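Numbering (the numbering used here), first residue to last: 496 to 719.
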């Protein structure tokens, strides 16, 4: 009888421990973050996508399972389950052309009420330091969904990102392996741990286009 009682006690403790782990997001240490989205007209924005990207997320390269997505309900509320770490939260309403970027969101961050702004855009010209035609390069921003591949034409190429929320973005430029070749005798890869200068920080204002001329050192392009 003593052994039976002991077994029942152990089973009860284990059951309580498992239940508590599940409620607190025990699967991968995830936590619940809540918010409420308000549209231009002051009414709740329903059916809007809310996506959390890890700060280290590289579009087109990172596992898409790393990003977490939710949809606002008819009252504009949303609940998003994110793992430990920090995220950039993108709220995009494509129909109204509005959205919001909230940086450095972590588990249990109190988002309160979120008011949408008019979406802007990022455009620019890549100015290569020599003639460099018919090579594919990518322009992207880590921790965001923004990625575009372009074909170099002579010593310049252009790019555009539409539907960009207000905020500051770091653009990176890299070459595509197997497509963009290196000139004979040249090393195009930047060695691990060495920073490339092919980056640009750009600020997007509500409803405006942020344009930038970016000088590209071809020999120092990272491999994407």
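Glycine included, every Cβ here is placed at the ideal spot set by N, Cα and C. In this text, all values refer to a predicted model and were calculated from it rather than measured experimentally.
Is the separation between the beta-carbon of residue i and that of residue j shorter than 8 Å?
| i | j | result |
| --- | --- | --- |
| residue 634 | residue 643 | yes |
| residue 667 | residue 693 | yes |
| residue 639 | residue 700 | no |
| residue 669 | residue 632 | yes |
| residue 532 | residue 571 | yes |
| residue 659 | residue 616 | yes |
| residue 577 | residue 602 | yes |
| residue 559 | residue 565 | no |
| residue 671 | residue 719 | yes |
| residue 705 | residue 611 | no |
| residue 709 | residue 663 | no |
| residue 711 | residue 657 | no |
So, helix, strand or coil for residue i, using DSSP?
| i | result |
| --- | --- |
| residue 628 | coil |
| residue 605 | coil |
| residue 559 | helix |
| residue 717 | strand |
| residue 550 | coil |
| residue 564 | strand |
| residue 689 | For residue 689, the predicted model reports a pLDDT of 34, less than 50, meaning its position is unreliable; a value from the coordinates is still stated below. Of the three classes helix, strand and coil, the one that applies to residue 689 here is coil, per DSSP. |
| residue 611 | coil |
| residue 544 | strand |
| residue 590 | coil |
| residue 534 | coil |
| residue 708 | strand |
| residue 700 | coil |
| residue 641 | coil |
| residue 599 | strand |
| residue 677 | Residue placement at residue 677 is poorly supported in this model, since its pLDDT is 44, which falls under 50; the coordinates are not used for a value here. |
| residue 618 | strand |
| residue 646 | strand |
| residue 730 | This structure leaves residue 730 out entirely; the chain is present only between 496 and 719. |
| residue 653 | strand |
| residue 666 | strand |
| residue 516 | Below a pLDDT of 50, predicted positions are generally treated as unreliable, and residue 516, at 30, falls in that range; no measurement from the model is reported. |
| residue 580 | coil |
May I have the straight-line CA-CA distance separating residue i from residue j, to the nearest angstrom?
| i | j | result |
| --- | --- | --- |
| residue 562 | residue 552 | 8 Å |
| residue 698 | residue 568 | 31 Å |
| residue 717 | residue 537 | 45 Å |
| residue 652 | residue 529 | 41 Å |
| residue 626 | residue 655 | 22 Å |
| residue 595 | residue 557 | 22 Å |
| residue 637 | residue 613 | 22 Å |
| residue 650 | residue 542 | 44 Å |
| residue 703 | residue 599 | 24 Å |
| residue 582 | residue 597 | 9 Å |
| residue 645 | residue 665 | 18 Å |
| residue 591 | residue 534 | 9 Å |
| residue 550 | residue 593 | 22 Å |
Could you tell me whether the segment 616-636 touches the segment 590-608, using the rule of 3 or more Cβ pairs below 8 Å?
-> no
Counting pairs of beta carbons, one from the segment 587-596 and one from the segment 539-557, are three or more of them closer than 8 Å?
-> yes
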